[in-house]
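This report concerns only the one structure given below.
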Amino acid sequence: MVYDIQINPTGDDYPSAGVVELSPLMEQAGFSAFWKGEANNTDPLVLCCAIAARTRKLLVGTGIYHIYGRSPVTMGIQAATLQDLSGGRFLLGLGVANKTIAGWHGGIFDRPLRRIREYAEIVRKVAAGERVEYKGEMYDTGSRFQLSWKPEHPRFPIYFAGLGPKMTRLAGEFADGVVINMAPASQIRVIAGRVREGAAAAGRDPDKAEIIAKVWVSLNPDRKLARSRLRQVLTFYNIADHYIDMLKAAGLGAEVTAVQQAFRQGGFKLAQEHITDAYMDQLPAIAGTSIAEIKERLQPFAEAGVTRLIIPYVPATDPVLDDARHFVEAWGRES
Amino acid sequence: MIYDIELNFAAHYPAAGIVELSPLIEQAGFGAFWKGESNSTDPLVLISGIAVRTQNLKLGPAIYHVYGRSAVTMGIQAATLQDLSGGRLLLGLGVANKTIAGWHGGTFDRPLQRIREYVEIVRKVAAGERVEYKGKIYETGQRFQLSWKPQHPTFPIYLAGLGPKMTHLTGEIADGVFINMAIPSKIREIAGRVREGAVAAGRDPNKIDICAKVRVTLHPDRAVARSRLRQVLTFYNIADFYSDMLKASGFEPEVLTVQEAFRKGGFKAAQEQITDAYMDKLPVIPATSIEEIKERLKPFVAAGVTRMVVPYVPVSEPVIDDARRFVEAWGKAS
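These protein sequences, in sequence, are chains Y and L.
Each residue of the first sequence is one higher than the one before, counting from 68 in my numbering.
Each residue of the second sequence is one higher than the one before, counting from 7 in my numbering.
Pasting the structure below:
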């Protein structure tokens with residue numbers, strides 16, 4: 068199994084420039100890829116490009132870029148440029164987001180399966196340097212688009228973010244793999260099975276589909292501290308639409324319902340109190356006191372079929388950048 | 007006078023090579039690195055890489071069009087790059103044309119309203135304001151706001167403009183105008199309209215930047231220096247917007263000759279009609295030395311240009327080595 072890291076810089080206290088400075092250390096520590104998510108926080112592409120310019124081998128990935136923020140032709144041009152810049156180190160994670168995010172970008176959240184399939188198809192053609200005149204049901208690329216240059220690395224993996232049955236099957240059929248967030252090992256096994264089924268149904272080798280999963284981690288000798296900020300992250304996912312169904316399917320319905328009820332009654336703070344230690348330990352989150360413990364607790368995910376494990380690192384103490392550096396260094400010493 | 011460099015047109019510069027070259031660009035004394043869009047390498051990708059290899063060099067897409075990414079995405083990306091670079095972004099925006107709009111599933115219409123709204127959204131988003139914009143063209147849905155407090159919430163936005171309305175609007179709402187392919191007399195006229203727009207909007211007309219591009223090649227053999235510029239100019243004599251402007255600048259007979267040759271014999275025949283005499287009237291400098299380039303840029307400065315953008319067109323392979331020679335020579339002469 069390959070270990071990746073995800074860091075979300077958040078401004079003054081967790082500056083983008085500081086995270087980029089940290090990237091050579093991530094590479095040395097043995098992480099295979101740096102990932103960065105999107106929503107209303109710092110832009111993944113900007114960070115991936117900056118990190119690519121400061122490292123030699125570290126792969127850089129958008130985990131996840133949604134399809135409403137930029138046209139597929141732009142995404143294709145940017146992918147091809149980053150591939151050239153980085154010597155072929157780009158991993159493109161794509162997702163369909165949700166109604167709110169689509170609305171920010173003037174888009175309509177509909178026909179997600181069709182939409183992402185067409186989007187990915189255009190991105191691949193554009194970034195491969197093909198002549199593109201795509202007329203799909205969702206997207207139209209006008210007349211005679213083609214890159215002005217021959218891209219040096221025309222192929223790169225495209226992964227779909229997915230939890231539900233249809234999207235994960237499509238990831239197997241059409242993409243190079245799936246990116247799974249917030250799923251316990253038991254659910255990862257189910258999802259990985261569907262991805263492989265999709266691949267097999269499309270006549271592809273199911274073992275070549277990458278199963279990428281995120282397990283949120285914090286590290287502190289004091290376990291209470293390690294748990295504290297993870298609790299915030301987990302609260303967010305327990306009240307976010309897409310994840311609820313999956314957590315319920317994993318047998319955590321009672322816990323999710325308790326968090327949501329607390330949220331309605333007392334807001335985020337009260338909801339947070341319902342992420343108990345016992346519940347936290349059933350979620351894909353590790354409040355670790357040592358790297359050895361973290362690696363031990365990641366084993367069930369490897370056994371569930373994860374081929375690439377993303378560790379979104381959640382700093383437990385201030386200054387957060389120093390906390391993140393400490394984690395990366397500790398990881399490097401243990402590898 | 008600030009001299010900027012653009013590495014872009016008429017050649018494909020390898021992305022990794024440009025990033026490697028960027029510290030030298032900064033050392034040579036250039037104020038900013040600019041990069042155009044269209045179907046060539048992406049400006050944002052390059053300037054994000056360059057931002058972490060340089061300290062003071064300003065960084066600009068010249069020009070990013072409004073069809074490629076949503077206004078909210080542009081705002082998020084601008085804020086991120088501002089944080090990353092310590093506030094070095096210069097954002098050049100333009101409305102492109104029908105073909106480019108079509109590549110991105112867009113409709114080329116109401117360019118003035120469109121860019122006005124787009125700029126407004128980008129500024130609000132990148133400043134960290136709560137945004138719920140409902141314009142005639144753009145809507146940003148509900149409750150958008152950056153998740154963090156941006157460290158450098160304002161940055162200059164320049165609009166690409168040649169026509170009377172766009173340049174007037176530029177003076178009204180933007181921090182400067184980005185002029186491509188215009189001779190000094192035309193630049194003077196455009197700068198005047200931009201300043202009028204600024205005055206009409208109650209702004210200080212002297213605070214509006216006038217950025218203009220003058221394409222340059224450098225080679226001891228002038229015939230070689232001219233060769234690649236000829237290709238570039240042929241393109242502009244054929245392209246809709248620029249050929250109109252060249253006609254309006256007093257080159258109608260020359261433009262028509264090039265276009266007729268293009269119709270009859272294709273690009274190669276058209277190229278032959280860019281004579282040395284015609285080339286020397288256009289905003290391009292096929293030079294044999296840096297001193298000559300600076301001398302020939304003086305009329306542009308006199309016309310009111312405040313940021314002189316020098317797109318370097320390479321004349322030999324590998325292009326990145328050719329560009330490095332130019333940058334080094336520029337640094338020595340500064």
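Note that CB positions come from ideal geometry on N, CA and C, so glycine has one too.
Being a predicted model, the structure only gives us computed values, none of them experimental.
Under 8 Å between C-beta atoms of residue i and residue j
| i | j | result |
| --- | --- | --- |
| Y:P273 | Y:R263 | yes |
| Y:G104 | Y:G136 | no |
| L:I216 | L:V311 | yes |
| L:L99 | L:I56 | no |
| Y:Y70 | Y:I378 | yes |
| L:M172 | L:L118 | yes |
| Y:I225 | Y:A187 | yes |
| Y:D80 | Y:V381 | no |
| L:V101 | L:I127 | no |
| Y:I306 | Y:F330 | yes |
| Y:T235 | Y:G229 | yes |
| Y:A317 | Y:M68 | no |
| L:G108 | Y:S210 | yes |
Nearest candidate by alpha-carbon position, reference residue i, set the options
| i | options | result |
| --- | --- | --- |
| L:M187 | L:P211, L:N212 and L:K219 | L:K219 |
| L:G93 | L:A132, L:N103 and L:E126 | L:A132 |
| Y:L149 | L:A204, L:S46 and L:L90 | L:S46 |
| Y:Q73 | Y:E88, Y:Y304 and Y:W283 | Y:W283 |
| Y:G239 | Y:T167, Y:A269 and Y:P218 | Y:A269 |
| L:E135 | L:G66, L:G203, L:P159 and L:G271 | L:P159 |
| Y:V86 | Y:I118, Y:K336, Y:D71 and Y:A293 | Y:I118 |
| L:K213 | L:F332, L:G177 and L:L224 | L:G177 |
| Y:T167 | L:S233, L:R149, L:V200 and L:Q279 | L:R149 |
| Y:D374 | Y:G162, Y:A259, Y:P179 and Y:R181 | The residue you asked about is not Asp; residue 374 of chain Y is Thr in the sequence shown. Nearest of Y:G162, Y:A259, Y:P179 and Y:R181 to Y:T374, Cα basis: Y:A259. |
| L:T294 | L:G271, L:K338 and L:T223 | L:T223 |
| Y:M205 | L:H110, L:E123, L:D181 and L:A308 | L:H110 |
| L:D48 | L:G66, L:V58 and L:L239 | L:G66 |
| L:I163 | L:A180, L:K142 and L:M7 | L:A180 |
| L:G50 | L:T113, L:L95, L:P170 and L:V325 | For the record, residue 50 of chain L in the displayed sequence is Leu; it is not Gly. Considering only alpha carbons, the answer is L:L95. |
Beta-carbon contacts of residue i that lie in its chain and below 6 Å, excluding the five residues immediately before and after
| i | result |
| --- | --- |
| L:K140 | none |
| L:E12 | W40, V315 and P317 |
| L:L168 | M251 |
| Y:P288 | T356 |
| L:S249 | N243 and V261 |
| Y:G128 | A100, W102, L158 and G160 |
| L:P305 | P190 |
| Y:I358 | A397, W398 and E401 |
| L:V200 | T173, T176, G177, V183 and I214 |
| Y:Q213 | R198 |
| L:A335 | I296 |
| L:A77 | Y124, I127, V128 and Y144 |
Residues near residue i by beta carbon distance below 8 Å, same chain, minus five either side
| i | result |
| --- | --- |
| L:A75 | The sequence as given places Arg at residue 75 of chain L; Ala does not occur at that position. Q83, listed in sequence order. |
| L:R330 | L27 and L30 |
| Y:S35 | Not covered by the structure: residue 35 of chain Y. The range shown for chain Y is 68 to 402. |
| Y:E266 | It is worth fixing the name first, because residue 266 of chain Y is Ala in this sequence and not Glu. For Y:A266, where only same-chain residues beyond five positions count, the Cβ hits under 8 Å are G239, E240, D272, P273, K275 and A276. |
Proximal residues to residue i (C-beta, below 7 Å), its chain only, five neighbours per side dropped
| i | result |
| --- | --- |
| Y:P408 | Residue numbering for chain Y in the displayed model covers 68 to 402; residue 408 of chain Y lies beyond these limits and cannot be assessed. |
| L:Q279 | T263, V264 and A267 |
| Y:A169 | Y135, I175 and F176 |
| L:G147 | none |
| Y:M93 | I72, F101, L125 and V395 |
Proximity test, residue i beta-carbon vs the ligand GTP heavy atom, cut-off 7 Å
| i | result |
| --- | --- |
| Y:L237 | In terms of ligand content, the structure shown is empty, and the ligand GTP therefore cannot be addressed. |
Next item on the list: Please determine if the region 28 to 44 of chain L and the region 146 to 161 of chain L are in contact, where contact requires at least 3 C-beta pairs separated by less than 8 Å.
Entry: no
Next item on the list: Identify every run of the beta strand (DSSP E) within the region 209 to 255 of chain Y, keeping only runs that are complete inside it and at least 3 residues long; order them along the chain.
Entry: 225 to 228 and 244 to 248
Notebook entry, point to check: Taking one C-beta from the region 93 to 101 of chain Y and one from the region 238 to 248 of chain Y each time, how about it: are there three or more such pairs within less than 8 Å?
Noted result: no
Check: What alpha helix (DSSP H) runs, 4 residues minimum, are completely inside the region 294 to 355 of chain Y?
Finding: 308 to 314, 320 to 340 and 344 to 347
Check: Any chance the region 13 to 29 of chain L sits against the region 190 to 204 of chain Y, with 3 or more Cβ pairs inside 8 Å?
Finding: no
Notebook entry, point to check: What are the start and end residues of each continuous beta strand (DSSP E) run of 3 or more residues lying completely inside the region 38 to 126 of chain L, in chain order?
Noted result: 38 to 41, 64 to 67 and 97 to 100
Check: Does the region 318 to 325 of chain L come within contact of the region 204 to 220 of chain L, defined as at least 3 CB pairs closer than 8 Å?
Finding: no
Margin query: Can you confirm whether the region 315 to 329 of chain Y touches the region 340 to 350 of chain Y when touching is taken to mean that 3 or more C-beta pairs between the two stretches lie within less than 8 Å?
Written below: yes
Notebook entry, point to check: Touch check for the region 201 to 210 of chain Y and the region 150 to 163 of chain Y: three-plus C-beta pairs under 8 Å?
Noted result: no
Item checked: Contact the region 296 to 313 of chain L vs the region 252 to 261 of chain L: 3+ CB pairs below 8 Å -> no
Item checked: Those runs of the alpha helix (DSSP H) which lie wholly inside the region 168 to 193 of chain L and span at least 4 residues -> 170 to 179
Notebook entry, point to check: Any contact of the region 109 to 126 of chain Y with the region 164 to 178 of chain Y, i.e. 3+ C-beta pairs under 8 Å?
Noted result: no
Margin query: For the structure I just gave you, are there three or more beta carbon pairs, one from the region 189 to 199 of chain L and one from the region 267 to 283 of chain L, closer than 8 Å?
Written below: no
Margin query: Just to confirm the assignment: which complete beta strand (DSSP E) runs, minimum length 3, are found wholly within the region 92 to 147 of chain Y?
Written below: 100 to 103 and 126 to 133
Notebook entry, point to check: In chain order, which alpha helix (DSSP H) runs of at least 4 residues are fully inside the region 276 to 322 of chain L?
Noted result: 282 to 285 and 296 to 308
Next item on the list: Enumerate, from N- to C-terminal direction, the unbroken alpha helix (DSSP H) stretches of 4 or more residues contained entirely within the region 190 to 227 of chain L.
Entry: 190 to 206
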